[in-house]
Amino acid sequence: MEKEIKQVIAEALSVLYEIKSSKDRIQIQKTRKEFAGDYTFNVFPFLKEIRKAPEQAGNEIGQFLVEKGGLVHAFNVIKGFVNLEIKQDNWIDILNTIAQSDFNLPEKNEKVVIEYSSPNTNKPLHLGHIRNNLLGDSLSRILKASGRDVIQVNLVNDRGIHICKSMLAWEKWGNGETPENAGLKGDKLVGNYYVKFDQENKKLVSDNNEETELLKEAREMLRKWEKGDEKVCALWEKMNNWVYKGFEETYKRLGITFDKIYYESETYKLGKDKVLKGLEKGILLQKDDQSVWADLTDHKLDEKILLRADGTSVYMTQDIGTAILRHQDFSPNKMIYVVGNEQDYHFTVLKIVLKKLGYEWSEFIEHFSYGMVELPHGKMKSREGTVVDADDLMEEVVAQARKMAEESDKLSYLSEEEKANVFELIGLGALKYYILKVDPRKNMMFNPEESVQLQGNTGPFIQYSYARSKSVLRKAAEQNIIIPERIDEGNPDEKEVQIIKLLADYKSVLEEAGKVMSPALIANYAFTLAKEFNQFYYDHAILKEENEQIRNLRLLITAVFGEVIKHALSLLGITSPERM
RNA sequence: GGUUCCGUAGCUCAGCUGGAUAGAGCACCAGAUUUCUAAUCUGGCGGUCCCAGGUUCGAAUCCUGGCGGAAUCACCA
């Protein structure tokens with residue numbers, strides 16, 4: 011719609027003032043509520059070229075548009091703002107068009123590999139991972155819907171000193187405990203030993219910089235692991251498998267999937283090789299203790315270690331390997347890393363080092379840097395027990411959804427299984443929306459009480475609006491009322507026009523969300539649309555409307571609304587319940 | 001200390017590449033259900049957009065400098 015308006019305004023500017031190719035500079039916005047009109051054109055940017063008073067120019071342009079016919083049938087000018095009223099037939103056309111379109115955008119011929127989740131296998135997933143997973147999942151969906159070829163990958167950090175800590179602690183104090191005999195999820199069990207290591211280690215430390223025997227043992231274990239020591243590797247494999255099983259459950263409940271899973275244990279060697287090659291070529295440098303470094307001072311950064319003196323790899327080394335492998339596997343034109351902004355530095359360095367090593371495609375790497383999750387009481391610290399566990403959190407939001415629903419006794423006619431299903435959708439809908447609605451780049455405050463809210467600006471509010479729309483359509487079917495696929499004429503009132511306008515915005519919102527990579531845009535749009543529908547629903551009879559023309563218009567609006575809101579929610583990974 | 005990001009209502013957040021009188025939700029107060037789902041709707045209360053300069057027809061938005069907060073500057077990942 012806005013495109014069409016820009017088109018005719020460009021024509022007006024050209025005919026009236028001989029201003030050519032002005033299209034990109036034309037500013038169109040929605041007319042504010044307090045004025046008559048649908049869209050508003052701002053003449054100020056063109057005033058110098060027009061060389062008339064704003065009101066006069068506005069009037070001339072408005073006059074031109076009305077006389078031209080077609081889109082605009084009336085206008086008013088306030089200061090430099092020309093408020094345009096769109097002819098009613100146009101709204102009907104637009105509604106029909108949306109009713110017939112699917113919502114996926116045309117192919118862009120762009121291949122994107124997106125990495126997210128990237129867990130460590132030494133402890134269970136927590137709230138921070140949830141934000142990461144939800145962002146990665148939603149982004150993937152948005153990128154796909156906006157016409158991109160998307161490959162979702164996970165990179166499991168299954169090696170390193172932290173894993174060895176859990177292993178060592180289990181060996182020393184585990185007494186053969188397993189997930190089965192302890193009745194504990196594998197990731198939780200391994201996490202417990204990570205904590206145990208820390209506790210025991212603390213007992214041995216008098217001042218913080220001291221390297222304890224225990225820590226030395228862990229380092230020794232890492233060295234053995236990198237050399238392929240049989241016993242260490244077997245233990246490593248056993249414990250990691252416990253963890254994977256646990257993660258799988260968590261992912262499944264969250265609704266997260268991957269096309270491919272990389273394991274750092276399988277990629278770090280490639281990184282090591284490439285680093286050593288870089289050293290041979292003189293791109294990297296070696297210090298007296300044999301450690302290998304990249305000199306980044308020409309980029310106004312420090313030096314960065316890539317291999318320790320004992321030859322073992324660090325995080326950067328394995329990430330170099332993973333990136334190279336990933337590029338070989340898919341040759342994408344974009345590699346997105348969904349990783350918290352605490353690692354901004356890591357990714358600037360990664361890109362530079364790859365470039366130094368001769369990989370021009372390092373420019374394709376895009377760090378999707380999202381903000382931290384904060385809690386009302388401060389940070390999450392595992393040592394202080396303030397970590398919000400992912401499984402616990404999901405359990406809690408679902409329980410809350412159940413509690414609320416049972417109070418209102420709405421779903422009593424459903425079977426227990428059906429009910430459980432609905433509570434699951436709603437609980438997770440609440441959690442996902444709560445996290446995705448905020449701008450991903452900003453730090454966010456996670457208030458546990460607010461996150462399970464079902465009223466106001468929440469996921470369930472939006473889900474409810476959908477359930478209502480479906481309820482109307484179901485009743486229509488029961489009464490043998492046909493839901494029109496299109497309508498020929500009608501006179502939408504103000505509220506109806508309002509919804510149609512919003513529905514018409516959906517594709518451009520999706521386009522924008524894909525461009526700037528922000529699920530929050532979709533979330534905010536969905537909320538606005540749902541609110542609009544609830545208002546419409548409140549004071550418009552739909553099925554009970556006797557005038558058939560009006561009823562059909564409203565039915566079509568209801569049906570189209572349902573489709574759009576369902577699609578939008580699906581991009582957030584939220585399921586729309588048929589009833590709730 | 002250097003670098004980066006952030007600062008909008010009591011709280012949590014919107015505010016697109018500068019545009020009209022800065023918007024939502026929560027909380028608080030007052031209302032709405034003989035009507036398709038009240039997990040809803042309507043109204044009220046609530047702001048020196050951190051501060052000070054600058055750019056211009058016009059600044060929450062752009063620039064500079066302060067103040068406040070966060071992250072990072074690891075042979076942890």
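Reading the first sequence from the start, the letters are residues 11 to 590 in the numbering used here.
For glycine and all other residues, C-beta sits at the position ideal for the given N, C-alpha and C.
Worksheet item: Do you know offhand how far residue 186's Cα is from residue 125's?
Response: 35 Å
Practice prompt. Assuming residue 348 and residue 380 form a contact by the criterion Cβ under 8 Å, report the distance between their Cβ atoms to the nearest whole angstrom.
Written response: 7 Å
Worksheet entry | residue 451 to residue 101 span [Cα, whole Å] | 36 Å
Worksheet item: Using 8 Å as the threshold, is the segment 507 to 520 in touch with the segment 100 to 114, meaning 3 or more CB pairs across them?
Response: yes
Worksheet item: residue 116: buried (16+ other C-beta within 10 angstroms of its C-beta) or exposed?
Response: Residue 116 comes out exposed.
Worksheet item: Out of 372, 16 and 314, which has the shortest C-alpha to C-alpha gap to residue 338?
Response: When C-alpha distances from residue 338 are compared across 372, 16 and 314, the shortest belongs to 372.
Fill in: Integer-rounded CB distance, given that residue 437 should sit under 8 Å from residue 473
The pair is not a contact, with the Cβ atoms about 11 Å apart (cut-off 8 Å).
Practice prompt. Identify every run of the alpha helix (DSSP H) within the segment 190 to 220, keeping only runs that are complete inside it and at least 4 residues long; order them along the chain.
Written response: 196 to 214
Worksheet item: If you draw a straight line from the C-alpha of residue 323 to the C-alpha of residue 284, how long is it?
Response: 12 Å
Practice prompt. Starting from residue 270, follow the alpha helix (DSSP H) in both directions and report where the run begins and ends.
Written response: Counted as a single uninterrupted DSSP element, the stretch harbouring residue 270 is not any alpha helix (DSSP H) but the beta strand (DSSP E) occupying residues 270 to 273.
Worksheet item: Distance, Cα to Cα, residue 543 vs residue 506?
Response: The straight-line gap separating the alpha-carbon atoms of residue 543 and residue 506 is approximately 9 Å.
Worksheet item: Pick from 503, 408 and 35: whose alpha carbon is nearest that of residue 469?
Response: 408
Worksheet item: Excluding five sequence neighbours on each side, which residues of the same chain lie with their C-beta closer than 7 Å to the C-beta of residue 296?
Response: 289 and 302
Worksheet item: Which stretch, first to last residue, makes up the beta strand (DSSP E) that contains residue 585?
Response: Here residue 585 belongs to no beta strand (DSSP E), and DSSP marks it neither H nor E.
Worksheet item: Does the separation of the CB atoms of residue 401 and residue 190 fall below 9 Å?
Response: no
Fill in: Closest residue to residue 88 among 479, 54, 206 and 81 (Cα-Cα distance)
54
Worksheet item: Under the three-state reduction of DSSP, which class applies to residue 448: helix, strand or coil?
Response: Three-state result, residue 448: coil.
Worksheet item: Rounded to whole angstroms, how far is the Cβ of residue 108 from the Cβ of residue 570, which I believe are closer than 8 Å?
Response: Correct: roughly 5 Å between the Cβ atoms.
Worksheet item: Leaving out the 5 sequence neighbours to the left and right, which residues in its chain are closer than 7 Å to residue 136 when beta-carbon positions are compared?
Response: 390, 397, 398, 399 and 400
Item to complete: Starting from the Cα of residue 293, find the closest Cα among 365, 271 and 194 and give me that residue.
Response: Out of 365, 271 and 194, 365 has the C-alpha closest to the C-alpha of residue 293.
Fill in: Three-state secondary structure assigned by DSSP to residue 577
helix
Discussion item. Give the list of continuous beta strand (DSSP E) stretches no shorter than 3 residues that lie fully inside the segment 41 to 86.
Written reply: The segment 41 to 86 contains these whole beta strand (DSSP E) runs: 49 to 52.
Discussion item. Buried or exposed, going by whether 16 or more other CB atoms sit within 10 Å of the CB of residue 334?
Written reply: buried
Discussion item. According to DSSP, simplified to helix, strand and coil, what is residue 126?
Written reply: coil
Practice prompt. Measure the alpha-carbon distance for residue 155 versus residue 113 and round it to whole angstroms.
Written response: 8 Å
Worksheet item: Starting from residue 313 and walking both ways along the alpha helix (DSSP H), at which residues does that stretch end?
Response: Note, residue 313: premise wrong, no alpha helix (DSSP H); beta strand (DSSP E) at 313 to 317.
Worksheet item: Can you name the start and end residues of the alpha helix (DSSP H) that residue 355 belongs to?
Response: 354 to 366
Practice prompt. Please determine, among 28, 40 and 213, the residue with the shortest C-alpha to C-alpha distance to residue 11.
Written response: 40
Discussion item. Taking the beta carbon of residue 526 as the centre, do at least 16 other beta carbons fall within 10 Å, making it buried, or is it exposed?
Written reply: exposed
Worksheet item: Are the beta-carbon atoms belonging to residue 326 and residue 363 less than 9 Å from one another?
Response: yes
Worksheet item: For residue 197, does the count of other Cβ atoms within 10 angstroms reach 16, so buried, or fall short, so exposed?
Response: buried
Practice prompt. Evaluate the contact criterion for the segment 263 to 275 versus the segment 147 to 162: three or more CB pairs, one atom per stretch, below 8 Å.
Written response: A contact exists between the segment 263 to 275 and the segment 147 to 162.
Worksheet item: Secondary structure at residue 533, three-state DSSP: helix, strand or coil?
Response: helix
Fill in: Alpha-carbon spacing of residue 201 relative to residue 180, whole angstroms
10 Å
Fill in: Whole-angstrom distance between residue 78 and residue 72, CA atom to CA atom
10 Å
Worksheet entry | CB contact flag (residue 539, residue 486, <9 Å) | no
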